[in-house]
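Going by UniProt numbering, the first residue of the sequence shown is number 1, and it counts up by one from there. Quick reminder that beta carbons are idealized off the backbone N, C-alpha and C, glycines included.
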Amino acid sequence: MKRMLNEGNPYLPEISKVRKKDEDGQKQIKRFKKNFVSLDAYTRHKLMVNSYLLCYKGASGQLERDSSKDRGIYDIIKENHRFLWGNEDLTDVAKDWDKQLAKKYYDKLYKEYCIADLSRFEKNQIGLRWRTEKEVVSGKGQFQCGGKHCEKKKKLTSWEVNFSYEEHGEKKNALVKVRLCPECSLKLNFHSKKRKIKKEKVKKKKHKKHKKKKRRHSDSEDSDSDVNDMPGTSSSDIKVEIQQDADKTEEEKKKEAEKEAQDIWSKPVDVNEEEATGHDEMESFFDDLLL
1 MKRMLNEGNP YLPEISKVRK KDEDGQKQIK RFKKNFVSLD AYTRHKLMVN
51 SYLLCYKGAS GQLERDSSKD RGIYDIIKEN HRFLWGNEDL TDVAKDWDKQ
101 LAKKYYDKLY KEYCIADLSR FEKNQIGLRW RTEKEVVSGK GQFQCGGKHC
151 EKKKKLTSWE VNFSYEEHGE KKNALVKVRL CPECSLKLNF HSKKRKIKKE
201 KVKKKKHKKH KKKKRRHSDS EDSDSDVNDM PGTSSSDIKV EIQQDADKTE
251 EEKKKEAEKE AQDIWSKPVD VNEEEATGHD EMESFFDDLL L
């Protein structure tokens, strides 16, 4: 019994190798995320599309549409652009974060934007269709104007358009997104104004800043009124006391930040929390890509 306890675990080297491999993988993911955020939107688009096409050879062949069913219908296009993944491919996607990001982005591209034919805009006749594979890869309709005969890339605006179509004798409507330059935007809105799509997150941030400014303004007014109401005290004395209180709060904030930093290293990793935020984290990468 003693001899068995004294002998080393024969599986220990293998376990340590696996742990080291996992740690290296996590470091690689962190480096990828850091470098990815520093890139501009178009470079990120090219990186993810190229990564997808290189990692999953032959998958793009499944995106070819059946021209006999090409009616510009959202559900049909979505079905024809669905990818068929094997078990090995799904395993690789689960392991590699960058491949998973590329696949998710590629899935979203085909149902995000459409191409508009504005040649008969004066008659209020606008043709809409989904983008081809070549247009998706090149960024046509996303980083380049979605007008069929336009190639401009600056000052693009996203518009939400009501797409009316007929399926099996039944009239249907679908909201689609088209990204146009200023000239093509005027053509699109020639007869009726369409809804302009804006970033919601930016609005929220501005709204928060506006609230903070209001609070600061109200706090300053309250402090001024308190100074005027206090007998036997000058405004300079009150300002000194307020500055001392502000210094104290800054020191307390520093101590709290140091304590939180220590807790991060000592606290165990919550796996469920990481899984829950993984989807939101990927969606945040697409904010300035899919507008």
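Report task. Using beta-carbon positions only, say whether Leu128 and Phe163 come within less than 8 Å of one another. Result -> Locating residue 128 in the sequence shown gives position 128, where the first residue counts as 1. Locating residue 163 in the sequence shown gives position 163, where the first residue counts as 1. Taking 8 Å as the Cβ cut-off, Leu128 and Phe163 qualify as a contacting pair.
Requested in this report: For Val137, I'd like the list of residues in its chain whose CB is within less than 8 Å of its CB, leaving aside the five on either flank, ordered along the chain.
Outcome: Sequence index remark: in the sequence shown, residue 137 carries index 137 (1-based). Only Val49, Leu53 meet the Cβ criterion.
Query raised in the report: Along the chain, where does the alpha helix (DSSP H) that runs through Arg44 open and close?
Result: For the purposes of this step, residue 44 is identified with residue 44 of the sequence shown, where counting begins at 1. Arg44 -> alpha helix (DSSP H) spans 41-55.
Query raised in the report: Helix, strand or coil: how does DSSP classify Gly141 here?
Result: Your numbering for residue 141 matches position 141 in the sequence shown. Reduced to three states, the DSSP call for Gly141 is coil.
Query raised in the report: Cys184: which of Trp159, Leu47, Ile197 sits nearest, CA to CA?
Result: By 1-based counting over the sequence shown, the position of residue 184 is 184. That would be Trp159, whose Cα lies nearest to the Cα of Cys184.
Query raised in the report: In the segment 111-177, which residue ranges form an unbroken alpha helix (DSSP H) of at least 4 residues, counting only runs that do not cross its ends?
Result: 133-138
Query raised in the report: Is Lys254 helix, strand or coil when you go by DSSP?
Result: In the sequence shown, counting from the first residue as 1, residue 254 sits at position 254. Of the three classes helix, strand and coil, the one that applies to Lys254 here is helix, per DSSP.
Query raised in the report: According to the Cβ coordinates, are Phe190 and Tyr42 closer than 8 Å?
Result: One-based indexing of the sequence shown puts residue 190 at position 190. One-based indexing of the sequence shown puts residue 42 at position 42. Result no, Cβ atoms of Phe190 and Tyr42 do not sit closer than 8 Å.
Query - Buried versus exposed call for Asp22 [16 or more other C-beta atoms within 10 Å across all chains shown] - result: Along the sequence shown, read from residue 1 onward, the residue named residue 22 stands at position 22. Flag for Asp22 reads exposed.
Query raised in the report: I think Tyr113 touches Val178, with their Cβ atoms under 8 Å apart; what is that distance to the nearest whole Å?
Result: As a first step, residue 113 must be located in the sequence shown, where it is residue number 113. As a first step, residue 178 must be located in the sequence shown, where it is residue number 178. About 7 Å; that satisfies the 8 Å criterion.
Query - Sub-8 Å separation of Cys181 and Lys152 beta-carbons - result: On the sequence shown, position 181 is the one that residue 181 refers to. On the sequence shown, position 152 is the one that residue 152 refers to. Yes. Within cutoff.
Query raised in the report: Among residues of its own chain, excluding the 5 on either side of Phe121, which ones have a beta-carbon nearer than 6 Å to its beta-carbon?
Result: Here residue 121 is taken as the residue at index 121 of the sequence shown, counted from 1. If we look at Phe121 and ignore the five residues flanking it on each side, its Cβ neighbours are Lys187, Phe190.
Report task. Give the straight-line distance between the Cα atoms of Lys155 and Cys145, rounded to the nearest whole angstrom. Result -> As a working mapping, residue 155 is identified with position 155 in the sequence shown. As a working mapping, residue 145 is identified with position 145 in the sequence shown. Roughly 9 Å separates the two Cα atoms.
Query - Those residues which DSSP pairs with Lys196 across a bridge - result: Here residue 196 corresponds to residue number 196 of the sequence shown, with the count starting at 1. BP columns for Lys196 point to Trp159.
Query raised in the report: How would you call Lys196, buried or exposed, if buried means at least 16 neighbouring beta carbons within 10 angstroms?
Result: Locating residue 196 in the sequence shown gives position 196, counting from the first residue. Exposed, by the Cβ-count rule.
Query raised in the report: Based on the DSSP output, what are the partners of residue 300 in its beta bridges?
Result: This structure does not reach residue 300, given that the chain is present from 1 up to 291, and the question cannot be answered.
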